[in-house]
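Engineer: Letter 4 of the sequence shown, counting from 1, is numbered 368 in our numbering, and no numbers are missing.
A single structure is presented below for examination.
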Amino acid sequence: MNKKFFLRISVLVLISVFGISLISCKRNKEDIKKTDSDIIIENSNILEDSLEAKEVINNFFKYMNEKDEDKISSYFVPLEKNSSKRRLFNLDYINLLEINLVTDKLQYENYIISILLKQKKLNVEKLKIYEVKYDIKFINDEIEPVKNGETKKEFFVVKLRGSDEWLIEAIGTM
């Protein structure tokens with residue numbers, strides 16, 4: 365009976381060790397996926413504001429008011445340049461009120477892992493996330509998803525590898 369007991373214990377220990385090593389191996393694969401995210405976050409220095417990235421947002425609002433689609437498009441990454449979401453024909457005005465740098469590392473990780481790396485859209489070197497508050501007025505706000513008045517959105521501004529320019533990658537609701 366002692367031999368059977370020890371045999372059972374030995375088998376349980378082996379199964380436990382094997383299971384732990386499988387879990388560890390799986391975690392190592394997940395860590396490999398996060399490496400790109402960590403590199404982007406390190407490069408981005410998320411606690412430090414960027415005047416150049418903010419200037420891109422300022423210019424976006426300037427050219428929205430001027431209804432200059434070409435200039436607006438020049439501030440977006442190539443995949444977003446031809447966005448038809450701007451609906452300039454119905455814009456009366458848009459005034460930038462505030463730009464605040466987001467410094468929450470978790471927001472950067474979530475965006476990088478769930479959007480940038482999953483979709484493999486871009487070869488991003490740096491990312492800045494800004495909370496932007498603005499006042500907007502449409503000629504007819506009944507046909508718009510956003511109504512007249514103050515609005516807050518997140519602007520995801522990136523610097524692609526090999527480029528010195530900051531560009532808007534996305535604008536998201538908060």
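Beta carbons are placed, not taken as given, at the ideal position from N, Cα and C, and that holds for glycine.
If you're wondering where the values come from, they're calculated on a predicted model, not measured in any experiment.
Can you give the beta carbon distance from Ile507 to Asn429, rounded, assuming they're within the 8 angstroms contact cut?
Structural biologist: At roughly 20 angstroms, the Cβ-Cβ gap does not stay under 8 angstroms, so Ile507 and Asn429 are not in contact.
Engineer: If you draw a straight line from the C-alpha of Arg525 to the C-alpha of Asp400, how long is it?
Structural biologist: Spanning the two alpha carbons is a distance of roughly 13 angstroms.
Engineer: Rounded to whole angstroms, what is the Cα-Cα separation between Lys435 and Tyr427?
Structural biologist: Cα-Cα distance, rounded: 6 angstroms.
Engineer: Should Val420 be labelled buried (16 or more other beta-carbon atoms within 10 Å of its own) or exposed?
Structural biologist: Buried.
Engineer: Quick one: complete alpha helix (DSSP H) runs, 4+ long, within the stretch 449-475?
Structural biologist: Counting whole runs of 4 or more residues, the stretch 449-475 contains the alpha helix (DSSP H) stretches 469-475.
Engineer: Can you give, in chain order, each stretch of the alpha helix (DSSP H) that sits fully within the stretch 485-532 and has at least 4 residues?
Structural biologist: Entirely contained in the stretch 485-532, not one alpha helix (DSSP H) run reaches 4 residues.
Engineer: Note down, in chain order, each residue of its chain lying with its Cβ closer than 6 angstroms to the Cβ of Lys492, except the 5 sequence neighbours on either side.
Structural biologist: Only Ser414, Ala417 and Val521 meet the Cβ criterion.
Engineer: Assuming Glu514 contacts Asp499 under a Cβ cut-off of 8 angstroms, what Cβ separation, rounded to an integer in Å, is found between them?
Structural biologist: Confirmed, about 5 angstroms.
Engineer: Residues in its own chain within less than 6 angstroms of Asn407 by CB, not counting five upstream and five downstream?
Structural biologist: These residues qualify, in order along the chain: Glu489 and Lys490.
Engineer: So which of Phe424, Asp528, Lys511 and Asn504 has the shortest CA-CA distance to Ile463?
Structural biologist: Considering only alpha carbons, the answer is Phe424.
Engineer: Tell me the rounded alpha-carbon separation between Leu465 and Lys497.
Structural biologist: Near 12 angstroms, if we compare the C-alpha coordinates of Lys497 and Leu465.
Engineer: Closest to Arg451 by CA distance: which of Leu411, Ile535 and Phe502 is it?
Structural biologist: The shortest C-alpha separation from Arg451 is found at Phe502.
Engineer: In the DSSP assignment, the alpha helix (DSSP H) including Val441 goes from what residue to what residue?
Structural biologist: Note, Val441: premise wrong, no alpha helix (DSSP H); not H, not E.
Engineer: Is it right to say Val441 is buried, meaning 16 or more other beta carbons lie within 10 angstroms of its own, or is it exposed?
Structural biologist: Under this definition Val441 is a buried residue.
Engineer: Using 10 angstroms around the beta-carbon of Leu480, count the other beta-carbons present and answer buried if the total reaches 16, otherwise exposed.
Structural biologist: Per the 10 Å Cβ criterion, buried.
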